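Peer 1: Counting with our numbering, you get residues -16 to 420 for the letters of the sequence shown.
Please read through the structure below; I'll follow up with questions.
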Amino acid sequence: MKISIFGLGYVGCVLAAGLASLGHNIIGIDINSEKVEVIKKGKSPVVEKDLDKYIKKYVELKKIEATTNSKEAVLNSEMSFVCVGTPAKKDGSLDLEHTKKVCEGIGKALKLKNSYHIIVFKSTMFPGSVENLLIPIIENNSGKKASKDFGVCHNPEFLREGSAVYDFFNPSTTVIGCLDEKSERIVEELFKDIKAPIAKTSIKVAEMIKYANNSFHGLKVAFANEIGNICKKSNIDSHELMKIFCMDEKLNISSSYLKPGVPFGGSCLTKDSSALIDEAKKEGLNVPLLEAIKKSNESHIDVCANIILGTNKKKIGILGLSFKEGTDDLRSSAMIAIVKKLVDRGLNIKIYDKNVLLSQKFGANKKIIEEEFPHLMNLFCPTIRDVVNGSEAIVIKNKDDDFKILTKLIKESQIVIDFVRMFEKKEIKGEYVGLCW
Ligand SMILES: NC(=O)c1ccc[n+]([C@@H]2O[C@H](COP(=O)([O-])OP(=O)(O)OC[C@H]3O[C@@H](n4cnc5c(N)ncnc54)[C@H](O)[C@@H]3O)[C@@H](O)[C@H]2O)c1
C-alpha cells in the first residue's frame, strides 16, 4: 500500500520505519525541510534505538521517501497518517493548530482526487476533536463527505520513547476507532502482521483511551512513590514490596476494580486507607494522592445523590444497600450516605436488600444502624415488587441476579437509575439513567 505520513517526529518516523518493514511504500511529509533532508540522506531526524538502521535500509530500497509537498503526497498515496504534534498551550489547553493545517492540506488535495482515501489520526487529541473539528475542515476543503468519499480513523499511539521501534512491533493493543466499516477493514488489514489484540471502536473512544492510559500511568507512578516514601520511613524495601504487590495478578495488576460505578465502601478498603494516611502523617509524610483517593470517593457519593435528585422524582426505590452484592455488610456502605442525603431532602425512600433483611434478624449491622441511621429499617420492604410498585425511580445499587426481574416489572413511566451497569439501555422499557456511562 502507498501511505503518506504527516509529521516526521518520534511517532511519524517510527511509523514510517515500521510500515516500510511490513512491505508498504511510505511518503513522509514535514514542514521542517531539515528533517526531510535528513531522511532523504537515510538518517533518522530523532534519536531512537534502531531507528537509524531501519530508515537507512528502507530509504536505500526506496520504500521511504520524504517531502514537504503535502498535495503530491496525498495524490500519490491511498492512506494518510497524521502524526503531527498536539502540544499544550501556555494555559495547559490542547493546541490543535498543526492538525488543523494538515487537514486543510489533505482536504485541498482530496478535491483533486477521485479515488477513495483514508485519513488515520495518530496524534493525541481530546474526544470530539476529529469529528467536530477536523472532519469538517477536510469536508469544507475537499467538497467531499466523510465515510462516503473518504474514510476517517483514529489509531492512538502507545509507543514509549527509547523502545519505540520495539513497541511498534509489540504493542499492548491496537486500537482502531472508525467512522465506517470500509476504512476499519483496511486499517485492520494494515496491522494484520502485528501480534496484538485489536480493539475496534468509535473514534471518540479511540481518542479518549490515550488520556485514560496516561492518567493511569501517572497514577501508578505517584502511587508507587507515596507507598515507597512510607516504606522508607518504616525501613521496608519498597522494591521488594512492590514486586510482591505486582505478583497479585487477580486483584492488583488486573481488570479488577476498574469498572466505573459506585463509590468504594466496606470496612477494609475504607478503614485501611484512612489508617495508612494517618500513619504517613504521623511520620511527617505528605501523601496527596492517597488523600485524594478518599476525597474522590466522597465526592462520588455526591455524584450518585445528585443523579437521583436530578430526576425530580419524590418516590425512590433502592435495590441493594450493603456495600456490594452477596453480603449484608453495611460498614462504610456508600448507599447509606446517599439515602441519608435523599431523606434530608424530603424524598420518600423504599429499600430492598435481602441480605440485610436476613441478617438483621440476628442483630447484624445493629451498631451501624443505631449510630448512623436509627430509622433505616423502617424504609425496608419485604419484596422487590413492593419497592418497584411504590416508586417513580428505581436505583440499582448491587449487581444481584434477583434484580434482573426488573425488565419485567418496570413500567414505561418509571426511571431506572443503574449504578452498577446491571442493564443496557435497550433492555429497559422506561427511561434508563447510567451512573458514569
Ligand atoms: N512522542 C511520543 O512518545 C508519543 C507517544 C504517543 C503519542 N504521541 C502523540 O503523537 C503526536 C506526535 O508526537 P511526536 O512526539 O512525534 O511529535 P514531534 O514534535 O516529535 O513531531 C511532530 C512533527 O510534526 C511536524 N509538523 C508540524 N506541523 C506540520 C504540518 N502542517 N505538516 C507536516 N508536518 C508538520 C513537525 O515539524 C514535527 O516534525 C502528538 O500528538 C503526541 O502527543 C507521542
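Here a beta-carbon is modelled for each residue, glycine too, at the ideal position from N, C-alpha and C.
On a predicted model such as this, the values are computed, not experimentally measured, just so you know.
Run the proximity test for Lys84: is its beta-carbon closer than 6 Å to any non-hydrogen atom belonging to ligand 1?
Peer 2: Correct: Lys84 has its Cβ closer than 6 Å to ligand 1.
Peer 1: If Val170 sits next to Val103, beta carbons under 8 Å apart, how far is it from one beta carbon to the other, in whole angstroms?
Peer 2: About 6 Å separates the two Cβ atoms, so the contact holds.
Peer 1: Assuming Tyr194 is part of the alpha helix (DSSP H), what are its boundary residues?
Peer 2: Run containing Tyr194: Ile186 to Lys216, per the alpha helix (DSSP H) assignment.
Peer 1: Taking the alpha carbon of Ile(-14) as the reference point, which residue from Glu17, Ile121 and Met62 has its own alpha carbon closest?
Peer 2: Per the Cα distances, Met62.
Peer 1: Can you grab the Cα-Cα spacing for the pair Asn295 / Leu173, in whole Å?
Peer 2: Straight-line Cα distance between these residues: approximately 51 Å.
Peer 1: Roughly how many whole angstroms lie between the Cα atoms of Lys18 and Val(-3)?
Peer 2: Going from the Cα of Lys18 to the Cα of Val(-3) covers about 14 Å.
Peer 1: Between the C-alpha atoms of Ala147 and Pro365, what's the straight-line distance to the nearest angstrom?
Peer 2: In a straight line, the C-alpha of Ala147 is about 60 Å away from that of Pro365.
Peer 1: Give the straight-line distance between the Cα atoms of Ile89 and Ser53, rounded to the nearest whole angstrom.
Peer 2: Going from the Cα of Ile89 to the Cα of Ser53 covers about 7 Å.
Peer 1: On the three-state DSSP scale, how would you describe Val103?
Peer 2: Strand at Val103.
Peer 1: Report buried or exposed for Ser198, applying the criterion of at least 16 other Cβ atoms within 10 angstroms of its Cβ.
Peer 2: Counting Cβ neighbours within 10 Å, Ser198 comes out exposed, since fewer than 16 surround it.
Peer 1: Runs of 3 residues minimum, wholly inside the region 86 to 140: which ones carry the beta strand (DSSP E) assignment?
Peer 2: Here the runs fully enclosed are 100 to 104 and 133 to 137.
Peer 1: My guess is that Leu162 and Ile192 are in contact by the Cβ rule of under 8 Å, so how many angstroms apart are they, rounded?
Peer 2: Contact doesn't hold; Cβ gap of about 17 Å is too wide.
Peer 1: If we count the other Cβ atoms within 10 Å of its Cβ and call it buried at 16 or more, is Lys333 buried or exposed?
Peer 2: When all chains shown are included, Lys333 counts as buried.
Peer 1: Who are the Cβ neighbours of Glu281 in its own chain at under 8 Å, not counting the five residues just before and after it?
Peer 2: Hits under 8 Å: Pro246.
Peer 1: Starting from Tyr415, trace the alpha helix (DSSP H) in both directions and tell me its first and last residue.
Peer 2: Not the alpha helix (DSSP H): Tyr415 falls in the beta strand (DSSP E), residues Glu414 to Gly417.
Peer 1: Taking 7 Å as the limit between beta carbons, can you name the residues of its chain near Ile284, skipping five residues before and five after?
Peer 2: Excluding sequence neighbours, Ile284 sits near Pro246, Ala317, Ala320 and Ile321.
Peer 1: Shortest alpha-carbon distance to Ile299 belongs to which of Glu266, Cys229 and Val371?
Peer 2: Cα-wise, what sits closest to Ile299 is Val371.
Peer 1: From Gly(-10), Phe306 and Glu167, pick the residue whose C-alpha is nearest to that of Thr253; which is it?
Peer 2: The residue with the shortest Cα to Cα distance from Thr253 is Phe306.
Peer 1: Going by C-alpha distance, which of Met225, Pro243 and Thr156 is nearest Ile236?
Peer 2: Checked all of Met225, Pro243 and Thr156; the closest Cα to Ile236 is Met225.
Peer 1: Can you tell me whether Thr107 sits near ligand 1, meaning its C-beta is under 6 Å from at least one heavy atom of the ligand?
Peer 2: Yes.
Peer 1: Buried or exposed: where does Pro180 fall if 16 or more other Cβ atoms within 10 Å of its Cβ makes it buried?
Peer 2: Its Cβ having fewer than 16 others within 10 Å, Pro180 is exposed.
Peer 1: Going by DSSP, which residues form a beta bridge with Ile400?
Peer 2: DSSP lists Val378 and Val416 as partners of Ile400.
Peer 1: Mark Leu341 as exposed unless 16 or more other C-beta atoms lie within 10 angstroms of its C-beta, in which case mark it buried.
Peer 2: By the 10 Å Cβ count, Leu341 comes out exposed.
Peer 1: Looking only at C-alpha atoms, which of Ser396, Gln397 and Trp420 sits nearest to Glu407?
Peer 2: Considering only alpha carbons, the answer is Trp420.
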